[in-house]
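One structure is given below, encoded as structure tokens.
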Amino acid sequence: MTNSDWLSSSYRAIIIDEVYDADELDIEVARLAADSGSSVTTIGDPWQALYKWRGAQPHLVAKLLEATTDRFNCRILSQSFRFHGTQMPELAAALRRGEKASLPPISSEDIDVALARRWRDLWRVGDNVLPLAFRNVENKSDAAIRVCCTDR
200 MTNSDWLSSS YRAIIIDEVY DADELDIEVA RLAADSGSSV TTIGDPWQAL YKWRGAQPHL
260 VAKLLEATTD RFNCRILSQS FRFHGTQMPE LAAALRRGEK ASLPPISSED IDVALARRWR
320 DLWRVGDNVL PLAFRNVENK SDAAIRVCCT DR
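Quick note: to get the numbering used here, add 199 to the position in the sequence shown (first position is 1).
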């Protein structure tokens, strides 16, 4: 039994959320599923591809869709249901135009999770923060996360 046959006999439908954060193996599973005749739904926004540091390969999504165009239909969502008001759409539009953005400083007491580009920035926060670090698959770049440890 081929992988494609196994997929089609095991799964009628596969949903892949945040497809632009998928790695090569994830994309190959999606391709096999589409080739097998399974219903494949991919959801994602290339502007939110955040995980290249851990092996995501967003450029492979276009190749997947091109290679399987008879199996994928594109639906573009023009409205965000995640945020209300104008602040986030305006910020997203500015970033897409290549404009710089800055966030106002806040107390570490007001956050649950935050990201930092540089490890040293994590040591400048309050005692209520636990610094953690992650490296990408090829150790080319660092990503850091601060987890707030407050009682709420």
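Glycine included, C-beta positions come from ideal geometry on N, C-alpha and C.
Computed from a predicted structure; not experimentally measured.
C-alpha gap between residue i and residue j, whole angstroms
i	j	result
Ala-221	Thr-240	14 Å
Asp-341	Trp-322	Its pLDDT being 43, under 50, Asp-341 is placed unreliably in this model, and the coordinates cannot settle the point.
Ser-307	Asp-234	49 Å
Arg-319	Arg-295	28 Å
Tyr-250	Met-200	33 Å
Asp-326	Pro-304	17 Å
Trp-205	Thr-285	47 Å
Thr-349	Gly-236	Bear in mind that the predicted position of Thr-349 carries a pLDDT of just 45, short of 50, making it unreliable; the figure below should be weighed with that in mind. Going by the C-alpha atoms only, they are around 49 Å apart.
Val-260	Tyr-219	7 Å
Ser-203	Arg-281	35 Å
Leu-263	Pro-245	14 Å
Asn-272	Ala-266	13 Å
Asp-309	Arg-317	21 Å
Asp-269	Glu-298	37 Å
Sub-9 Å separation of residue i and residue j beta-carbons
i	j	result
Ser-207	Ala-229	no
Arg-211	Ser-238	yes
Glu-217	Gln-247	yes
DSSP beta-bridge partners of residue i
i	result
Thr-240	Ile-214
Rounded distance between the beta-carbons of residue j and residue i, thought under 8 Å
i	j	result
Ala-300	Ala-292	Not a contact, Cβ separation roughly 11 Å.
Ile-242	Ile-213	With 8 Å as the limit, Ile-242 and Ile-213 do not qualify as a contact, their Cβ atoms being about 12 Å apart.
Closer than 8 Å: residue i CB and nearest the ligand SAH heavy atom
i	result
Arg-296	As for the ligand SAH, it is missing from this structure, which has no ligand bound.
Residue i at chain D interface by Cβ criterion, 9 Å
i	result
Asp-326	No chain D is present in this structure, which holds just one protein chain.
Check: On the three-pair Cβ rule with 8 Å, is the segment 210-227 touching the segment 253-267?
Finding: Yes, since at least three Cβ pairs between the segment 210-227 and the segment 253-267 fall closer than 8 Å, the two stretches touch.
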